[in-house]
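Start counting the sequence shown at 1; every next residue gets the next number (the UniProt record's numbering). Where a beta carbon is used, it is the ideal one built from N, C-alpha and C, also for glycine. In what follows, a structure is listed as structure tokens, so that the remarks can point back to it.
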Amino acid sequence: MKSPVRRCRDVESNGTGHVTGFLQPEQRIPISKDVITAYSAPAMWFIKDACGIVCAIITWLLVFYAVFVVLFVMLLPARSLTYSIVNGILFNSLAFLALASHLRAMCTDPGAVPKGNATREYIESLQLKPGQVVYKCPKCSSIKPDRAHHCSVCKRCIRKMDHHCPWVNNCVGENNQKYFVLFTMYIALVSLHALFMVVFHLLFCFEDDWSKCSSFSPPATVLLLILLCFEGILFLIFTSVMFGTQVHSICTDETGIERLKGEVGRWEKVPCREAIRTAFGGPLSLSWCSPFSGLSCKPSPQEHEPVPQGEIIEQDVIEIPLS
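Here it is in structure tokens:
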């Protein structure tokens, strides 16, 4: 279940043409989200932004660096085989889930509205009531649903857009917020686990001969551990803050961009429990922690007719009935 997609307001017949008030939620005419999104994006979603691609590659390289140091500097030379196996499985599992969540957040359509659907034919198909208006995005010529904002990087209007994150090279929106939350959570756990192992390894090296605590030379070992420690602290703080911010946004049913623009209070908010279920795809279960839930190799069936095509309407505020 996703939030209903709406963008309608009352227009008083005062001759000014100005919008004078909002419709109550029960009076608004919903625009079917299925129609809005059925042809919004191809099966594979990827933003061709140079900065975002570089940031995404850096993210993966930093995770691979942490895996290298943990395995070859700390775990393989460890005395206890049990310690190495348990921590190796735990750390690599968390790192794998973090990268899988990053990939899903990066390659999932965040909730893009189709470009160029601001046509007379499409608006007439919505069957809105006279006296209401719909809004066209002047940048991508799309009919903007409620709580949708235009992203200058993705060059699309995104439903419930929270922000554009260069580290995942994508917007965080209605469809991929769960994967972004999982990505920040698993990176924070990976960083915390790495920091604990660095502390234990340094204590072990100080108590024993440095030549026995690592297959690398003592200066190289210290340098690798310091870099890992710095990386772990930095990412632990950053991802913990992002994780808390995203959970707060979900619970309060307010996105970051809505708070920034002062748009809060313009819609009927849902309770925290319902908002969390909506974001994570159902009742509480282990699938909440899985970046693979909902993943399918089968193409999605085309259940809806294509959006009627035609010439783009010039007005940004379009009153019903169409003149």
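In this chain, the beta strand (DSSP E) harbouring N170 covers 170-172. In the three-state reduction of the DSSP assignment, Q127 falls in the coil class, being assigned neither a helical nor a strand state. In its chain, beyond the 5 residues on either side, A98, F235, T239 have a beta carbon closer than 6 Å to the beta carbon of I187. Between V168 and M106, the C-beta spacing is below 9 Å. With respect to the C-alpha of G116, the residue from S142, V222, C213 having the closest C-alpha is S142. Bridge partners of T119 according to DSSP: I312. For C140, the closest alpha carbon among the candidates I226, Q132, V153, Y179 is that of V153.
In the DSSP assignment, R79 falls outside any beta strand (DSSP E), carrying neither H nor E. Between the region 82-92 and the region 218-235 there are fewer than three C-beta pairs closer than 8 Å, too few to call the two in contact. Here DSSP, grouped into helix, strand and coil, assigns R147 to coil. Rounded to the nearest whole angstrom, the CA to CA distance from L103 to F183 is 9 Å. Less than 9 Å separates the beta-carbon of C171 from that of P110. A78 and F204 have their C-alpha atoms roughly 9 Å apart.
Assignment of I58 by DSSP, reduced to helix, strand and coil, places it in the helix class. Note on geometry: alpha-carbon atoms of F91 and H193 lie some 7 Å from one another.
A112 places its beta carbon less than 9 Å from that of G173.
The UniProt domain "Palmitoyltransferase DHHC" (136-261) is shown to contain whole beta strand (DSSP E) runs of 3 or more residues at 148-151, 156-159, 163-165, 170-172, in chain order.
CA-CA distance, R120 to T245, rounds to 40 Å.
Put simply, the backbone Cα of C157 is about 6 Å away from that of C151. If you draw a straight line from the Cα of F180 to the Cα of R277, it is about 16 Å long.
Within the same chain, Cβ atoms closer than 6 Å to the Cβ of L195 are found at G232, the five residues on either side in sequence being excluded. By the CB criterion at 9 Å, Y65 and L202 fall outside the cutoff. Bridge partners of A112 according to DSSP: I158. CA-CA distance, R259 to F280, rounds to 22 Å. If you check the CB distance, A100 and F292 come in under 9 Å. Take G88, set aside five residues on each side of it, and the residues of its chain with a beta-carbon closer than 8 Å to its own are V70, L71, L75, in chain order.
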